[in-house]
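**Q** Below are the structure tokens for one structure; questions will follow.
Residue numbers (the working numbering): 11 to 255.
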């Protein structure tokens, strides 16, 4: 058996680096543990404001059926074209927009499962901030049926209030952070991460901007009765802080 001669300079140069690697390994594991910092708090703060919906949307539809697809299609085109011409008279970029919505033609089947004719539908949508104009125009479109109405918040209304609501939410977040630090016996906080979100709702009904299904009502010369609901704008700040001495 050969013995290791540690006095040999060449062997000393090989052993020293090995000892350095063995000693450094536990230190690297300890520093790379990724343990979260101590005295960290996560919470949120929000601000909200109830506002009246300012955009009315009315959805109208024409339906025709018959044995000949071309006849059904032409009948739909005629009623839709007449309604469009009437609606465009009241259209205005700042008050009311007009757009078509869906033109569909499909086979109709009898009780025996065999084709018995054709059914077609064509849609028209009126939308705008001039509530009276939208309601009055919807009542004039003869030949079409009102199948849905809905109120929503305009982009201008949201943007008008979002900045102030965000500032309020941030101020409440900072005040709450300072108060919690004081209650835990610390002098202050250091912000770690934060996110800000804004949203709008309608105060308890169907979501804003979603059409509310209603019983089909034939449009006539009378304005459509409507009443705007409320929407809730909100801003929420969510984040985490580290307590400091």
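Just so it is clear, CB atoms sit at the ideal spot from N, CA and C, and this is done for glycine as well. Bear in mind that the values here come from a model prediction, so they are computed numbers and not experimental data.
#1: Would residue 161 be called buried (16 or more neighbouring beta carbons within 10 Å of its own) or exposed?
#2: Pop quiz: residue 210 and residue 239 are said to be a contact at Cβ under 8 Å. What is the actual Cβ separation, rounded to whole angstroms?
#3: Spatial neighbours of residue 75 within its chain, please: CB distance less than 8 Å, with the 5 preceding and 5 following residues excluded, ordered by chain position.
#4: Closest to residue 236 by C-alpha separation, out of 182, 52, 51, 63, would be which residue?
#5: Can you tell me which of the three DSSP states residue 139 falls into?
#6: Give every residue of the same chain whose Cβ lies closer than 6 Å to the Cβ of residue 132, excluding the five residues on either side of it in the sequence, and list them in chain order.
#7: Counting C-beta neighbours from all protein chains within 10 Å, is the total for residue 147 16 or more, i.e. buried, or is it exposed?
#8: Shortest alpha-carbon distance to residue 136 belongs to which of 159, 115, 125?
#9: Give a yes or no on whether the C-beta atoms belonging to residue 53 and residue 182 are separated by under 8 Å.
#10: Sort 208, 234, 255, 204 by Cα distance to residue 249 and report the nearest one.
#11: Alpha carbons only, please: which of 100, 246, 125, 245 is nearest the one belonging to residue 144?
#12: Within 10 angstroms of the Cβ of residue 173, are there 16 or more other Cβ atoms? Answer buried if so, exposed if not.
#13: Which value, in whole angstroms, describes the spacing of the CA atoms of residue 227 and residue 95?
#14: Per DSSP, residue 89 forms a beta bridge with which residues?
#15: In its own chain, which residues sit with a C-beta less than 7 Å from the C-beta of residue 190, not counting the 5 before and 5 after it?
#16: At the level of alpha carbons, what is the spacing between residue 106 and residue 153?
#17: With DSSP collapsed to three states, give me the class of residue 77.
#18: How should residue 164 be labelled, buried or exposed, when 16 other C-beta atoms within 10 angstroms of its C-beta is the threshold for buried?
#19: I need the boundaries of the alpha helix (DSSP H) containing residue 183, first residue and last residue.
#20: Please classify residue 151: does DSSP put it in a helix, a strand, or coil?
#21: Quick test of your reading: residue 56 and residue 254, contact by CB under 8 Å. State the CB separation rounded to the nearest angstrom.
#22: Using CA coordinates, which residue listed in 88, 59, 157, 149 is at the minimum distance from residue 69?
#23: Are the beta-carbon atoms of residue 97 and residue 134 separated by less than 8 Å?
**A** This is what the structure gives:
#1: buried
#2: Not a contact, Cβ separation roughly 12 Å.
#3: 82, 118, 127, 128, 129, 130
#4: 63
#5: DSSP places residue 139 in coil when its eight states are reduced to three.
#6: 72, 86, 90, 113
#7: buried
#8: 159
#9: no
#10: 204
#11: For the residues 100, 246, 125, 245, the minimum Cα distance to residue 144 belongs to 100.
#12: exposed
#13: Because residue 227 carries a pLDDT of 48, less than 50, the predicted location of this residue cannot be relied on, and the following value inherits that uncertainty. Going from the Cα of residue 227 to the Cα of residue 95 covers about 21 Å.
#14: BP columns for residue 89 are empty, so no partner.
#15: 51
#16: 21 Å
#17: Correct three-state label for residue 77: coil.
#18: exposed
#19: 165-193
#20: coil
#21: With a Cβ gap of about 25 Å, residue 56 and residue 254 do not count as contacting.
#22: 157
#23: yes
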